[in-house]
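> Numbering (the numbering used here), first residue to last: 4 to 106.
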């Protein structure tokens with residue numbers, strides 16, 4: 004009788020994060036950096052809470068909730084926002100008009 008034993012060696016998985024404006028030109032099976040691409044996944048953007056936006060913009064939580072009501076992706080009790088859309092709304096783009104106040 005002949006016995007054979009199959010040895011399966013799992014290769015280590017290395018995750019590389021790439022942030023680009025357009026899709027990178029990578030394909031499955033392509034050899035890159037001495038390894039072969041076996042999977043491509045697009046990570047979802049993480050939503051930010053009101054507390055995160057309060058610490059970033061120094062605005063009150065009520066102000067942030069009212070300004071970002073249109074982009075709320077959470078429930079009424081759990082206000083969650085897309086960070087890019089919230090950034091566009093909450094940037095200080097006020098244009099002050101008129102002369103400066105004299106004390």
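In this text, a Cβ means the ideal position worked out from N, Cα and C, and glycines have one as well.
Three-state secondary structure (DSSP) at residue 39?
Looking up residue 39 in the chain shown gives position 36. Residue 39 falls in the strand class under three-state DSSP.
> At which residue ranges does the segment 12-93 contain complete alpha helix (DSSP H) runs of 4 or more residues, listed in the order of the chain?
Here the runs fully enclosed are 53-60, 64-70, 86-93.
> Between the segment 19-39 and the segment 65-72, can you find at least three pairs of beta-carbon atoms closer than 8 Å?
Counting Cβ pairs under 8 Å, fewer than three are found: no touch.
> For residue 61, which option in 80, 94, 35, 19 has the closest C-alpha, if you only look at C-alpha atoms?
Here the question's residue 61 lines up with position 58 in the chain shown. Minimum Cα distance to residue 61 is reached at 94.
> Whole angstroms is fine: what's the gap from residue 81's alpha carbon to residue 52's?
If you number the chain shown from 1, residue 81 lands on position 78. If you number the chain shown from 1, residue 52 lands on position 49. Those two C-alpha atoms are separated by around 8 Å.
> Considering only the beta carbon of each residue, do residue 21 and residue 38 sit closer than 8 Å?
Looking up residue 21 in the chain shown gives position 18. Looking up residue 38 in the chain shown gives position 35. Going by C-beta atoms, residue 21 is not nearer than 8 Å to residue 38.
> Would you say the beta carbon of residue 62 is closer than 7 Å to some non-hydrogen atom of the ligand ZN?
Because no ligand of any kind appears in the structure shown, any question about the ligand ZN cannot be addressed here.
> To the nearest angstrom, how far is the alpha carbon of residue 58 from that of residue 49?
For the purposes of this step, residue 58 is taken as residue 55 along the chain shown, with counting starting at 1. For the purposes of this step, residue 49 is taken as residue 46 along the chain shown, with counting starting at 1. Cα-Cα distance, rounded: 17 Å.
> For residue 46 and residue 92, I'd like the C-alpha separation in whole angstroms.
What you label residue 46 is simply residue 43 of the chain shown in a count that begins at 1. What you label residue 92 is simply residue 89 of the chain shown in a count that begins at 1. If I take the Cα positions, the gap works out to 24 Å.
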